[in-house]
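Q: Residue 2 is where the sequence shown starts when you use the numbering used here, and the numbers rise one by one after that.
Think of the CB as a built atom: it goes at the ideal place given N, C-alpha and C, for glycine as much as any other residue.
Everything numeric in this text was worked out from a predicted model, so none of it was measured.
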Amino acid sequence: MGKINSLPLPDPHLSSKSRKRSSHQAPHFVPISEACAQPPLKKVPRPLQRKLQLQPCMAAGHDTSRPLPTSYSPRYVEAAWYTWWMKEGFFKPEYQHQVPHWKPETFSLSIPPPNVTGSLHLGHALTVAIEDALVRWKRMQGYKVLWVPGSDHAGIATQAVVERKIWKERGVLRQQLSREEFLQEVWTWKEEKGNEIFQQLKVMGASLDWDRVCFTMDSGFSQAVTEAFVQLYEQGMIYRDRRLVNWSCALQSAISDIEVENKHLKGRTELSVPGVQGKVPFGVLVTFAYKVEGEEGVELPVATTRPETMLGDVAVAVHPEDPRYTHLHGKRLRHPFTGRLLPVITDPLVEQEMGTGAVKVTPAHNYLDHEMACGHGLPCVSVIAEDGTMTSECGEWLQGLNRFLAREKVLAALKEKGLYRGAREHPLVLPLCSRSGDVIEILLKSQWFLRCEEMAHKALEAVESGCLKFTPRFQEKKWRTWLLNIKDWCISRQLWWGHQIPAYRVSYGHATEELWVVGRTEAEAQKKAVSMLGKSEEDLELVRDADVLDTWFSSGLFPFAALGWPHQTGDLQQFYPNSLLETGSDLLFFWVARMVMLGKQLTGKLPFSQVMLHSMVCDAHGRKMSKSLGNVIDPLDVVRGAPLQVLQENLQKSNLDPREVAIAMEGQRRNFPQGIPECGADALRFALCSYCAQGDSINLDVAAVENANRFCNKVWNALKFTLAALGDGFAPLDPEEVFPSSPMEKWILSHLYHTAEVCAQKFEEYELHSAASSVHLFWLHNFCDVYLESVKPILRSGDPARLLSTRHTLHSCVDLALRLLSPFMPFLSEELWQRLPKISSQAPPSICVARCPNTEHLAHWCHPEEEANFLLVQEVIRAVRALRATYQLTKARPAVYLVCPEAAPLGVYEKYREPLQTLSLAGSLRFLPDSEAVQPPESCITARTKYHTTVCVDLQVRAESGISGIKTGAWGKSGKMVTK
2 MGKINSLPLP DPHLSSKSRK RSSHQAPHFV PISEACAQPP LKKVPRPLQR KLQLQPCMAA
62 GHDTSRPLPT SYSPRYVEAA WYTWWMKEGF FKPEYQHQVP HWKPETFSLS IPPPNVTGSL
122 HLGHALTVAI EDALVRWKRM QGYKVLWVPG SDHAGIATQA VVERKIWKER GVLRQQLSRE
182 EFLQEVWTWK EEKGNEIFQQ LKVMGASLDW DRVCFTMDSG FSQAVTEAFV QLYEQGMIYR
242 DRRLVNWSCA LQSAISDIEV ENKHLKGRTE LSVPGVQGKV PFGVLVTFAY KVEGEEGVEL
302 PVATTRPETM LGDVAVAVHP EDPRYTHLHG KRLRHPFTGR LLPVITDPLV EQEMGTGAVK
362 VTPAHNYLDH EMACGHGLPC VSVIAEDGTM TSECGEWLQG LNRFLAREKV LAALKEKGLY
422 RGAREHPLVL PLCSRSGDVI EILLKSQWFL RCEEMAHKAL EAVESGCLKF TPRFQEKKWR
482 TWLLNIKDWC ISRQLWWGHQ IPAYRVSYGH ATEELWVVGR TEAEAQKKAV SMLGKSEEDL
542 ELVRDADVLD TWFSSGLFPF AALGWPHQTG DLQQFYPNSL LETGSDLLFF WVARMVMLGK
602 QLTGKLPFSQ VMLHSMVCDA HGRKMSKSLG NVIDPLDVVR GAPLQVLQEN LQKSNLDPRE
662 VAIAMEGQRR NFPQGIPECG ADALRFALCS YCAQGDSINL DVAAVENANR FCNKVWNALK
722 FTLAALGDGF APLDPEEVFP SSPMEKWILS HLYHTAEVCA QKFEEYELHS AASSVHLFWL
782 HNFCDVYLES VKPILRSGDP ARLLSTRHTL HSCVDLALRL LSPFMPFLSE ELWQRLPKIS
842 SQAPPSICVA RCPNTEHLAH WCHPEEEANF LLVQEVIRAV RALRATYQLT KARPAVYLVC
902 PEAAPLGVYE KYREPLQTLS LAGSLRFLPD SEAVQPPESC ITARTKYHTT VCVDLQVRAE
962 SGISGIKTGA WGKSGKMVTK
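#1: Along the alpha helix (DSSP H) that carries S775, what are the first and last residues, could you check?
#2: Is F576 closer than 8 Å to L147 when the C-beta atoms are compared?
#3: When the Cα of L342 is compared with those of G331, R595 and E352, which residue comes out closest?
#4: Just verifying my parser: in three-state terms, what is the DSSP assignment at E465?
#5: How is C690 classed by DSSP in three states: helix, strand or coil?
#6: Give the DSSP-derived three-state secondary structure of F471 in the structure shown.
#7: Alpha carbon to alpha carbon, how far is A705 from Q236?
#8: Starting from D955, follow the beta strand (DSSP E) in both directions and report where the run begins and ends.
#9: According to DSSP, is M238 helix, strand or coil?
#10: For the ligand COA, any of its heavy atoms closer than 7 Å to the Cβ of G730?
#11: How long is the line joining the alpha carbons of E372 and D133, rounded to whole angstroms?
#12: Taking the Cβ atom as the reference point for each residue, do P473 and Q611 lie within a distance shorter than 8 Å?
#13: Buried or exposed: where does E462 fall if 16 or more other Cβ atoms within 10 Å of its Cβ makes it buried?
#14: Considering only residues of the same chain and omitting the five flanking positions on each side of T159, which have a CB-CB separation below 8 Å?
#15: Are V881 and V954 close, meaning C-beta to C-beta below 8 Å?
#16: Is the CB-CB distance between S383 and T392 below 8 Å?
#17: My output table needs one value for L174: the three-state DSSP class, helix, strand or coil.
#18: According to DSSP, is G218 helix, strand or coil?
#19: Taking buried to mean at least 16 other C-beta atoms within 10 Å of its own C-beta, is S532 buried or exposed?
#20: Hey, would you say A460 sits closer than 8 Å to K606, going by beta carbons?
#21: Note down, one range per segment and in chain order, each alpha helix (DSSP H) of at least 4 residues found wholly within the region 447-533.
#22: Take N96 and list the residues in its own chain whose beta-carbon comes closer than 6 Å to its own, dropping the five residues that flank it on each side.
#23: Which word fits A621, buried or exposed, when buried means at least 16 other C-beta atoms lie within 10 angstroms of its C-beta?
#24: Starting from M617 and walking both ways along the alpha helix (DSSP H), at which residues does that stretch end?
#25: Using a Cβ distance threshold of 8 Å, determine whether the region 849-857 contacts the region 712-728, with at least three qualifying pairs required.
#26: Please report the distance separating the alpha-carbon of S940 from that of L956.
#27: Run the CB neighbour count on H511, radius 10 Å, all protein chains shown included, and call it buried at 16 or more, exposed below.
#28: Verify whether the separation of the beta carbon atoms of Q574 and R545 is less than 8 Å.
#29: Thinking D405 and V274 are a contact (beta carbons under 8 Å), I'd like their distance in whole angstroms, please.
#30: Cutting at 6 Å between CB atoms, please list the residues of its own chain near H812, excluding the five before and the five after it.
#31: Measure the Cβ-Cβ separation of H755 and S691 and say whether it is below 8 Å.
#32: Okay, do the region 397-411 and the region 127-144 touch, 3+ Cβ pairs below 8 Å being the bar?
#33: With a CB to CB cut of under 8 Å and the five nearest residues on each side skipped, what residues in its chain are close to Y77?
#34: Our contact map puts L127 next to H615 with C-beta atoms below 8 Å; I'd like the distance itself, whole angstroms only.
#35: Between the C-alpha atoms of T951 and L822, what's the straight-line distance to the nearest angstrom?
#36: I'd like the list of long-range same chain contacts for L266, defined as Cβ closer than 8 Å, with 5 residues on each side in sequence excluded.
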């Protein structure tokens, strides 16, 4: 279908003279808003039809038997429906047996559980908008739908937030509380924030089954986490080892890659670091020399951005083919502070162009160095402790000193020994802890690890075999790349908030060997220890590991643990595997891949067969949303509106650093000088779904949500007009029994048919933006701007047959178009649909469970030839309106002449004579052959359209003259009227 431009509504403000029309002129019509305010149309006798069934709906006091308010208000529309939906049980899969079009198939998915760290952001709002649209569509198709709600304990993130909170409010550190006292603080926070999050989801209209809500630290879910750990350990998948991990000194815990933010520095940059007074310079490459043992005056210069770690150096590496250092191969260097002898080794991993071409090897604090050291059999020397201070390996002069203060002291000592060779600016990628802002250290720690290679192979095979599909498809390449290069996963964290690892360290007698047993309970672990060691229980002492599991481990169990696993519950048997996993593309590896690996390993099944990944939501300028930039938008601020003062007050209540608050407030003043207007949940949902969610990012502009709000108002006014046009006592037909008779009825119902067809296809393909665009096009440009304007003469005509046919068409359009709109705008569509006359007493109680339009039953509406014909008519209408605008004929209704030499177009124009005259606001309309015998008046202005049609608009508005003003002899061969 071609895109139809918006056709503005006719201007109702006519002069008194223009109201005196001759018999051939089109009557005056008022706009929708005025038409709705007029008394109901006079009843016209109609053939006997079925009895009207219209039952007012009471939604928590929302009485739909009352007239619609004058204008659309999201606050009014969205106030009561959600409570009623929940009360009626529409969101429960069990309800589907009550609808006549129910299917035996299920459709299930779990919401990506939001972290209980605070309020939802626009990324969550996008998730809700997409998933709820899909869920509502499937529910209207008759599927047995289950959408599981939940929230995630978010161990490291929540602990960090609560630590900042108690410090800000009471000046208390976590370490000053017992573990039990601190956990009570976190549970209090969770109850408050968890409830807020669920309330936000309800405000957004998320049709979740709240009777199945789960939290990842609930007793049932915690049991599933313990069971998963024990099973994986018994399968040999989990083991304990001493390896390098990302370490946050501020949190004193290992952290996952997703909690690491890489800051790109172009050169020397001073940054604030937790626990250090003043700012620390980064992006500086320091060069110093190691003296070659036994060779006077010979040295080997090395360059580093971390001079404080040179205390942990165990070797210096050069490239085997670097001619500068071939004479030093196999030599040894004397460490100036520890006295250790460091071998000069060769390794092809060394970049000759980097620094001096000689690399210090510090295996306890660098991943590449550790790999190199393992290959050469070198030891590891840890020089930085868990709290970020220097260890005893450095000597008394540095022990206990902060790592960055030690840096300055090391540089001073190198200069004193004459080994300092200078420094220069250097680009640097600095890893920071996203939770604390601390600089990440790479430390060698004993941790629990999960073997991933075998599971990754199965996850990769699932995609290769087509058992697991991705939307968009290009994500499969990233999937392969990551899984082919996967490493074992460090799953332990040194936190208090989280699932405590079910592993126990066993002590007996004078044994010094580290021995661990794993059990679902301490009693089970005790029995295993007794059996393994052949000792009595009295001889053994078990101490549970104080560490907790990585949040992503428990999150990876969500699709099946939320349904009751490891117990074989009814929900697990009926709804697992899930039908779909929809989430942000940034979670492809950290969450999606781990769900697939753990699901396949623990249940023998993929947790879902389809993955849909949406883009990251950025601001209107394409910047990532950040509190420190002041461009973060709370979805509820968009729904309810928020003046700038409220936005700034909320920012001041946050846990941000005061300096960041100042920067963020300035960002808010720049981005939202007038605050954020009230737009409503429907408008926000529709705007989010209208973006192509499968690209790199979505640059959301609040103006787009405001436009969606205006669209809501347009639909509202269209319903007011329709209800007034239907009149009292109208008994509608089932849409399948409505057969269009007039050309305009065929045109609008054909467009509706194709809109329903597009929606069905695009929902299946997960291209919601295309479905939303199709619905928007139909409502705004086809129904409101064209069809409603075209039927006004019919509604005033008094012709019973035409009135009845038009009313059935109006009702069918509104009924089905609201159903198509419902997945995107559930509140507005429910409010308006409830006010429509119902077809029978068996009509569904809510649009939530009404059947979505079925094009198989509406094939008689498909008239592509009429859609093509009317495109020709619309060209003429646009041409007339353009001429009117150019010559400022805003109030006048001039005579219009169409000159066309071809019979086919003339036939189309004649067929659509009435809507053509109405929509072009013509005082009269005359079709002329292209001949010199009869020509338009000389006072006409002209425009050309397709098929050699010339549109002529008479500048002399002759309300009384009829068509007697037609003159001959003034039409030029050029196709333009010669005016004098």
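A: With the structure as the only source:
#1: Looking up residue 775 in the sequence shown gives position 774. Residues L769 to L778.
#2: Here residue 147 corresponds to residue number 146 of the sequence shown, with the count starting at 1. Here residue 576 corresponds to residue number 575 of the sequence shown, with the count starting at 1. Closer than 8 Å, so yes.
#3: Translated into the one-based positions of the sequence shown, residue 342 becomes position 341. Closest option to L342, Cα to Cα, is G331.
#4: For the purposes of this step, residue 465 is taken as residue 464 along the sequence shown, with counting starting at 1. Helix, per DSSP.
#5: As a first step, residue 690 is located in the sequence shown; it is residue number 689 there, counting from the start. Looking at C690 - three-state DSSP - the assignment turns out to be helix.
#6: Numbered from 1 along the sequence shown, position 470 holds the residue referred to as residue 471. Reduced to three states, the DSSP call for F471 is strand.
#7: The residue you call residue 705 lines up with position 704 of the sequence shown. The residue you call residue 236 lines up with position 235 of the sequence shown. One C-alpha to the other measures close to 52 Å.
#8: Translated into positions along the sequence shown, residue 955 becomes position 954. Unbroken beta strand (DSSP E) run through D955: T951 to D955.
#9: If you number the sequence shown from 1, residue 238 lands on position 237. Correct three-state label for M238: coil.
#10: This structure does not include the ligand COA; it has no bound ligands of any sort.
#11: To locate residue 372, count along the sequence shown from 1; it is residue 371. To locate residue 133, count along the sequence shown from 1; it is residue 132. For E372 and D133, the distance between alpha carbons rounds to 47 Å.
#12: By one-based count along the sequence shown, residue 473 stands at place 472. By one-based count along the sequence shown, residue 611 stands at place 610. Contact: no.
#13: Within the sequence shown, residue 462 is the residue found at index 461, counting from 1. Exposed, by the Cβ-count rule.
#14: The residue you call residue 159 lines up with position 158 of the sequence shown. Within the same chain, T159 has close Cβ partners N116, V117, T118, V187, W190, K191 and W498.
#15: Position 880 of the sequence shown, counted from the first residue, corresponds to residue 881. Position 953 of the sequence shown, counted from the first residue, corresponds to residue 954. Contact: yes.
#16: Looking up residue 383 in the sequence shown gives position 382. Looking up residue 392 in the sequence shown gives position 391. Against a cut-off of 8 Å, the Cβ pair of T392 and S383 comes out as a contact.
#17: On the sequence shown, position 173 is the one that residue 174 refers to. Three-state DSSP puts L174 in coil, outside helix and strand.
#18: Here residue 218 is taken as the residue at index 217 of the sequence shown, counted from 1. First, the amino acid is wrong: residue 218 is Met here, not Gly. M218: coil per DSSP, three-state reduction.
#19: Numbered from 1 along the sequence shown, position 531 holds the residue referred to as residue 532. With fewer than 16 Cβ atoms within 10 Å of its Cβ, S532 is classed as exposed.
#20: If you number the sequence shown from 1, residue 460 lands on position 459. If you number the sequence shown from 1, residue 606 lands on position 605. No; because the gap between Cβ atoms is not below 8 Å, this pair is not in contact.
#21: 454-465 and 476-485
#22: Translated into the one-based positions of the sequence shown, residue 96 becomes position 95. Looking at the sequence itself, residue 96 is Tyr, so the reference to Asn does not match. These residues qualify, in order along the chain: G90.
#23: Here residue 621 refers to the residue found at position 620 when the sequence shown is read from its first residue. Exposed, because fewer than 16 other Cβ atoms sit within 10 Å of the Cβ of A621.
#24: Counting from 1 along the sequence shown, the entry for residue 617 is found at position 616. It is not in any alpha helix (DSSP H) - M617 instead sits in the beta strand (DSSP E) that spans M617 to C619.
#25: no
#26: Your numbering for residue 940 matches position 939 in the sequence shown. Your numbering for residue 956 matches position 955 in the sequence shown. For S940 and L956, the distance between alpha carbons rounds to 6 Å.
#27: Position 510 of the sequence shown, counting from 1, holds the residue named residue 511. H511 comes out exposed.
#28: Start at 1 with the first residue of the sequence shown, and residue 574 comes out as number 573. Start at 1 with the first residue of the sequence shown, and residue 545 comes out as number 544. No; because the gap between Cβ atoms is not below 8 Å, this pair is not in contact.
#29: By one-based count along the sequence shown, residue 405 stands at place 404. By one-based count along the sequence shown, residue 274 stands at place 273. The residue asked about is misnamed: residue 405 is Phe in this sequence, not Asp. Confirmed, Cβ separation roughly 6 Å.
#30: Here residue 812 refers to the residue found at position 811 of the sequence shown. Cβ within range, chain order: P733.
#31: For the purposes of this step, residue 755 is identified with residue 754 of the sequence shown, where counting begins at 1. For the purposes of this step, residue 691 is identified with residue 690 of the sequence shown, where counting begins at 1. The answer is no: Cβ separation not under 8 Å.
#32: no
#33: What you label residue 77 is simply residue 76 of the sequence shown in a count that begins at 1. Hits under 8 Å: P70.
#34: Here the question's residue 127 lines up with position 126 in the sequence shown. Here the question's residue 615 lines up with position 614 in the sequence shown. The Cβ separation is near 6 Å, so the contact holds.
#35: In the sequence shown, the residue the question calls residue 951 occupies position 950. In the sequence shown, the residue the question calls residue 822 occupies position 821. Spanning the two alpha carbons is a distance of roughly 39 Å.
#36: By 1-based counting over the sequence shown, the position of residue 266 is 265. Excluding positions up to five away in sequence, the list reads F283, G284, P428, L429, V430 and L431.
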